[in-house]
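Protein sequence lines, in the order shown, are assigned to chains A and B. Counting from 1, one number per residue, gives the positions in the first sequence under the working numbering. Counting from 312, one number per residue, gives the positions in the second sequence under the working numbering. Here's the structure, in structure tokens; my notes come after.
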Amino acid sequence: MSAPLLQVRNLSVTAETPRGAYDAVRSVDLDLARGEALAIVGESGSGKSLTALAIAGLLGEKLTPTGSVLFDGTELLGMSESRRRSYAGRRIGFIFQEPMSSLHPILTVGQQIEEGLRAHFDLSKKERADRVRELLATVGLSKTRDVARDRIGQLSGGMRQRVMIAMAISCEPELIIADEPTTALDVTLQRQVIDLLASLRERLGLALMLITHDLGVVSETCSQAVVMYGGEIVEAGPTDLLLTEPEHEYTRALLASIPVLGDERPRLPTVATIAPSLRDERLVAAASRPKTETITLERGRRVRRTLPGGR
Amino acid sequence: MLRYLGQRLLALLPTVAVPLVLVFLLLRLAPGDPAAILLGDSATPAQVAALREELGLNAPLVVQFGHFVGDVFTLDLGNSIFLHKPVVDVIPSYALVTIEISVLALIISLVLGIGLGALAAFRDGKPAGRIATALGIVGISVPQFVTALVLIVVFASWLHWFNVGGFAPLSQGLWPHLRSITLPALALGIAESAFVARITRGAILDVSREPFVTTARSLGIPPARIGAVHVVRVAALPILTVAGLLVASLLSGSAVVETIFGVPGMGRLLLDAVSRRDYQLVQGIVLFTGVFVIVVNLVVDLSYAVVDPRVQLGRKSA
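Quick look at the structure:
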């Protein structure tokens with residue numbers, strides 16, 4: 001494998017809370033090659049969204065990333081805001097979870113897709129309008145002229161997320177980070193959006209980082225997967241291995257909680273552990289946390305293990 | 312749209328009736344007899360009684376009110392007891408001056424307020440933003456008459472850019488006229504701009520936290536453009552609402568400012584009318600002001616549709 005497009009090393013995100021600083025994401029290592037797809041799986045509060053935002057340089061005010069995020073050989077962390085902007089949208093596209101609130105309520109679909117084009121390319125008005133219609137067609141929308149004139153409130157949920165995707169790919173980025181792109185959609189639409197993302201990845205040669213808690217989606221779309229829990233990666237490796245022979249107990253628990261058609265179990269197992277909240281985490285200070293090590297298994301699998309007697 | 316407009320116009324009637332009833336009652340219940348005041352201290356009780364009879368002040372309140380409402384609908388607002396002229400003829404020239412000053416003050420307060428508020432929001436936490444925020448608090452705390460006096464001292468007494476007082480009507484030429492209403496408009500506008508600044512700052516800060524701003528950042532759109540296009544388009548709505556309310560506040564503030572600057576506007580006319588217990592005139596002015604404010608707010612409501620295309624007038628939202 002050549003040098004990966006994205007190489008994340010020892011990435012931590014420190015949150016400033018009224019009760020002091022605390023690491024919401026700890027020592028995350030990720031590799032993503034050009035054109036490949038990587039899934040980040042985990043429950044709410046596992047730090048998967050923060051990891052994604054940190055990579056894209058979109059963390060909020062009270063969140064500070066440390067470590068290293070190499071994109072195509074360039075360090076993204078600590079980059080000046082104006083340099084970050086030359087990457088944002090142009091080389092890294094971001095798809096947000098809630099298209100309704102993440103898209104502008106007043107600007108038309110066409111106007112807001114054009115905003116990104118305006119920031120990165122020197123196009124005439126006509127060229128921009130043509131590109132908007134082309135993008136809308138690419139994400140599978142018909143009547144592109146009408147959709148471009150619509151506002152987000154006039155579109156259905158599935159159409160909105162397609163517009164969101166059109167925006168993310170508008171400046172031909174090499175990497176798309178999709179933060180739970182299907183969570184806000186109903187089940188029938190989830191499938192369509194995932195299929196769209198998978199086909200776009202193939203057609204445009206995109207690298208895809210898919211953040212999700214849906215393991216079913218992972219198995220079909222992503223060759224590599226990372227399981228996060230409590231701000232850490234607990235297991236990482238090829239998706240087929242991860243799903244068939246999980247090493248970490250949390251991965252096993254996650255897999256066991258997936259309903260299967262014809263399931264005889266009267267009750268679906270739930271994940272017994274509870275993701276630590278910001279407040280608990282203060283109580284469980286770093287010193288009293290169990291000592292862990294990451295061991296590497298066959299085919300690049302990594303598992304985090306609690307050291308015996310490490311408390 | 313037309314149907315909506317009709318409904319809104321119909322809704323004007325009860326809205327106008329409320330201030331009308333209040334003023335009618337308050338003035339009638341206040342101590343002081345307009346006939347006695349009109350005739351002066353030397354008037355005999357007989358003369359006063361005769362005048363009361365002539366003006367219909369002896370009739371029961373309900374009857375007086377009935378007459379009044381009937382007259383209003385025929386645009387007969389009665390005669391000013393003091394000026395001996397029909398109220399309908401008195402108001403327009405005074406109102407014109409006040410509206411001129413108010414429009415100028417509105418422009419000043421919006422330009423100043425939105426500028427200051429935007430500065431306070433976009434530089435929030437930085438020195439420039441803190442200064443802008445502090446200026447806004449000072450502006451809200453300082454009463455209009457103080458602002459007015461400071462303006463007179465600085466711009467008229469020291470710099471001699473304007474005359475201290477002395478109103479120049481339009482008949483003396485446009486330039487002298489504008490010069491004579493600039494300071495009053497500034498005094499009014501500065502006070503209101505602080506309020507606009509506060510609303511603007513809050514609106515921009517609120518909108519800046521919306522997820523669609525993060526989306527714009529994820530696309531690499533420059534901050535200046537995010538502010539000027541993405542944020543302001545949404546933040547404009549509360550500011551527009553405030554502009555409508557501002558008109559009412561400017562009209563009442565004009566009473567103070569017109570008195571200080573000696574401008575013959577409606578605010579001062581109202582003060583004079585109240586102190587003379589010139590019932591007819593007071594009612595006329597209140598009616599005029601009320602209708603004016605309500606019409607302005609109707610215009611503001613209609614203009615939402617221009618600023619925010621999501622607003623579909625007269626349709627219930629889904």
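Built from N, CA and C at the ideal position, the CB exists for glycine as well.
TODO: For Ser49(A), decide whether its Cβ has a neighbour in chain B, counting only Cβ atoms nearer than 8 Å.
DONE: Taking the first residue of the first sequence as position 1, residue 49(A) is located at position 49. Proximity of Ser49(A) to chain B, defined by a Cβ-Cβ separation below 8 Å, is not satisfied.
Task: Residue interval of the alpha helix (DSSP H) (run including Arg363(B)) - done: Position 52 of the second sequence, counted from the first residue, corresponds to residue 363(B). Counting along the chain, the alpha helix (DSSP H) containing Arg363(B) begins and ends at 356-366.
Open item on the list: Taking only three categories from DSSP, how would you classify Asn608(B)?
Closed with: Position 297 of the second sequence, counted from the first residue, corresponds to residue 608(B). Correct three-state label for Asn608(B): helix.
TODO: Could you name the residues of chain B that Ile106(A) contacts, counting a contact when the two beta carbons are closer than 8 Å?
DONE: Position 106 of the first sequence, counted from the first residue, corresponds to residue 106(A). Going along chain B in sequence order, the residues near Ile106(A) (Cβ under 8 Å) are Arg544, Val545, Asp619, Pro620, Arg621.
Task: Inter-residue Cα distance where the pair is Pro330(B) and Ala502(B) - done: For the purposes of this step, residue 330(B) is identified with residue 19 of the second sequence, where counting begins at 1. For the purposes of this step, residue 502(B) is identified with residue 191 of the second sequence, where counting begins at 1. Each residue's Cα considered, the two are about 25 Å apart.
Task: Nearest-angstrom Cα separation, counted from Val542(B) out to Ser519(B) - done: If you number the second sequence from 1, residue 519(B) lands on position 208. If you number the second sequence from 1, residue 542(B) lands on position 231. When rounded, the separation of the alpha-carbon atoms in Ser519(B) and Val542(B) is 6 Å.
TODO: Please state if the CB of Ala207(A) and the CB of Glu98(A) are separated by a distance shorter than 8 Å.
DONE: For the purposes of this step, residue 98(A) is taken as the residue at position 98 of the first sequence. For the purposes of this step, residue 207(A) is taken as the residue at position 207 of the first sequence. No.
Task: Cα-Cα separation between Val475(B) and Leu609(B), rounded to whole angstroms - done: Within the second sequence, the letter at position 164 stands for residue 475(B). Within the second sequence, the letter at position 298 stands for residue 609(B). Spanning the two alpha carbons is a distance of roughly 37 Å.
Open item on the list: When you compare the CB of Leu58(A) with every CB in chain B, is at least one pair closer than 8 Å?
Closed with: On the first sequence, position 58 is the one that residue 58(A) refers to. Yes - at least one Cβ of chain B is within 8 Å of the one on Leu58(A).
Task: Backbone CA spacing between Thr326(B) and Pro356(B) [nearest angstrom] - done: Here residue 326(B) refers to the residue found at position 15 of the second sequence. Here residue 356(B) refers to the residue found at position 45 of the second sequence. Straight-line Cα distance between these residues: approximately 40 Å.
Open item on the list: Between Leu77(A) and Gly67(A), how many whole angstroms is the CB-CB distance? I'm expecting something under 8 Å.
Closed with: Here residue 77(A) corresponds to residue number 77 of the first sequence, with the count starting at 1. Here residue 67(A) corresponds to residue number 67 of the first sequence, with the count starting at 1. That belief holds up - the Cβ atoms of Leu77(A) and Gly67(A) are roughly 7 Å apart, short of 8 Å.
Open item on the list: Only counting the same chain, and skipping five residues up and downstream in sequence, which positions put a Cβ closer than 8 Å to that of Leu117(A)?
Closed with: The residue given as residue 117(A) occupies position 117 in the first sequence. Within the same chain, Leu117(A) has close Cβ partners Leu123, Arg128, Arg131, Val132, Ser170, Cys171.
Open item on the list: Are the CB atoms of Val13(A) and Ala312(A) within a distance shorter than 8 Å?
Closed with: Outside the shown range of chain A (1 to 311) lies residue 312(A), about which nothing can therefore be said.
Open item on the list: If contact is defined by three or more beta carbon pairs under 8 Å, each pair taking one atom from either stretch, is the region 219-231 of chain A in contact with the region 40-51 of chain A?
Closed with: Touching, per the Cβ criterion.
Open item on the list: Please report the distance separating the alpha-carbon of Phe456(B) from that of Asp352(B).
Closed with: The count along the second sequence starts at 1 and reaches residue 456(B) at position 145. The count along the second sequence starts at 1 and reaches residue 352(B) at position 41. Roughly 33 Å separates the two Cα atoms.
TODO: Anything in the region 442-474 of chain B with a Cβ closer than 7 Å to a Cβ of chain A? List those residues in chain order, please.
DONE: Taking 7 Å as the cut-off between beta carbons, none of the residues of the region 442-474 of chain B comes near chain A.
Open item on the list: So, under 8 Å CB-CB, Pro473(B) and Ala467(B) are touching, yes? Tell me the CB distance rounded to an integer number of Å.
Closed with: As a first step, residue 473(B) must be located in the second sequence, where it is residue number 162. As a first step, residue 467(B) must be located in the second sequence, where it is residue number 156. Correcting the residue identity first, residue 473(B) is Phe in this sequence and not Pro. For Phe473(B) against Ala467(B), the beta-carbon gap comes to about 5 Å, under 8 Å, which counts as contact.
Open item on the list: Within 10 Å of its beta-carbon, does His471(B) have 16 or more other beta-carbons around it, so buried, or fewer, so exposed?
Closed with: What you label residue 471(B) is simply residue 160 of the second sequence in a count that begins at 1. It counts as exposed.
Open item on the list: Is it buried or exposed, Pro371(B), if we count other Cβ atoms within 10 angstroms and call 16 or more buried?
Closed with: Here the question's residue 371(B) lines up with position 60 in the second sequence. With fewer than 16 neighbouring CB atoms inside 10 Å of its own CB, Pro371(B) falls in the exposed class.
Task: C-beta neighbour in chain A for Glu411(B), strict 8 Å - done: Against the second sequence, residue 411(B) aligns to sequence position 100. Under the Cβ distance rule, Glu411(B) does not count among the residues neighbouring chain A, no pair being separated by less than 8 Å.
Open item on the list: For Gly367(B), tell me which candidate among Asp387(B), Val524(B), Gln594(B), Ala346(B) has the shortest Cα-Cα distance.
Closed with: The count along the second sequence starts at 1 and reaches residue 367(B) at position 56. Among Asp387(B), Val524(B), Gln594(B), Ala346(B), the Cα nearest to that of Gly367(B) belongs to Ala346(B).
Open item on the list: Run through chain B and tell me which residues come within less than 8 Å of Arg151(A), C-beta to C-beta.
Closed with: As a working mapping, residue 151(A) is identified with position 151 in the first sequence. Within chain B, the residues near Arg151(A) are Pro620, Arg621.
Open item on the list: The beta strand (DSSP E) that contains Arg9(A), what's its start and end?
Closed with: Counting from one through the first sequence, the residue named residue 9(A) turns up at place 9. Counting along the chain, Arg9(A) sits inside the beta strand (DSSP E) bounded by residues 6-17.
Task: Beta bridge counterpart(s) of Ser44(A) as assigned by DSSP - done: Looking up residue 44(A) in the first sequence gives position 44. Beta-bridge pairing links Ser44(A) to no other residue.
Open item on the list: Is Leu103(A) close to chain B? Criterion is C-beta to C-beta, closer than 8 Å.
Closed with: By one-based count along the first sequence, residue 103(A) stands at place 103. Interface residue (Cβ-Cβ distance to chain B less than 8 Å): Leu103(A) is classified as such.
TODO: Could you pull the start and end residues of the alpha helix (DSSP H) that Phe376(B) belongs to?
DONE: The residue given as residue 376(B) occupies position 65 in the second sequence. Where Phe376(B) is concerned, the enclosing alpha helix (DSSP H) starts and stops at 372-384.
- [ ] Starting from the C-beta of Pro4(A), find all residues in its chain whose C-beta is less than 7 Å away, skip the five residues before and the five after it, and write them out in chain order.
- [x] The residue labelled residue 4(A) in the question sits at position 4 within the first sequence. Taking C-beta separations shorter than 7 Å and ignoring five residues to either side along the sequence, the partners of Pro4(A) in its chain run Asp31, Leu32, Ala33, following chain order.
Task: Exposure label - Arg91(A); buried when at least 16 CB within 10 Å - done: Position 91 of the first sequence, counted from the start, is the residue given in the question as residue 91(A). Arg91(A) should be labelled buried.
Open item on the list: For a test of the three-state rule: what should DSSP assign to Gln97(A), helix, strand or coil?
Closed with: Here residue 97(A) refers to the residue found at position 97 of the first sequence. Three-state result, Gln97(A): coil.
- [ ] Report all residues from its chain with a CB closer than 6 Å to the CB of Arg509(B); omit the five preceding and five following residues, and keep chain order.
- [x] Residue mapping note: residue 509(B) aligns to position 198 of the second sequence, counting from 1. In chain order, Gly447 place their CB closer than 6 Å to the CB of Arg509(B), counting only its own chain and leaving out the 5 sequence neighbours on each side.
Task: For Thr183(A), three-class secondary structure by DSSP - done: Translated into the one-based positions of the first sequence, residue 183(A) becomes position 183. Thr183(A) falls in the coil class under three-state DSSP.
Task: Minimum length 4: unbroken alpha helix (DSSP H) runs contained in the region 412-451 of chain B - done: Counting only runs of at least 4 residues, the region 412-451 of chain B fully encloses no alpha helix (DSSP H) element at all.
Task: chain B contact residues for Ser257(A), given Cβ-Cβ distances below 7 Å - done: Here residue 257(A) is taken as the residue at index 257 of the first sequence, counted from 1. None at all; the shortest Cβ gap to chain B is about 29 Å.
Task: Chain-ordered residues of the region 115-147 of chain A with a beta carbon less than 7 Å from chain B - done: From the region 115-147 of chain A, only Glu115, Gly116, Ala119, His120 have a Cβ closer than 7 Å to chain B.
TODO: May I ask you to report which of helix, strand or coil DSSP gives Arg265(A)?
DONE: If you number the first sequence from 1, residue 265(A) lands on position 265. Coil at Arg265(A), not helix or strand.
- [ ] Return helix, strand or coil for Met209(A), following the three-state DSSP convention.
- [x] Working through the first sequence from its first residue, we reach residue 209(A) at position 209. Met209(A): strand per DSSP, three-state reduction.
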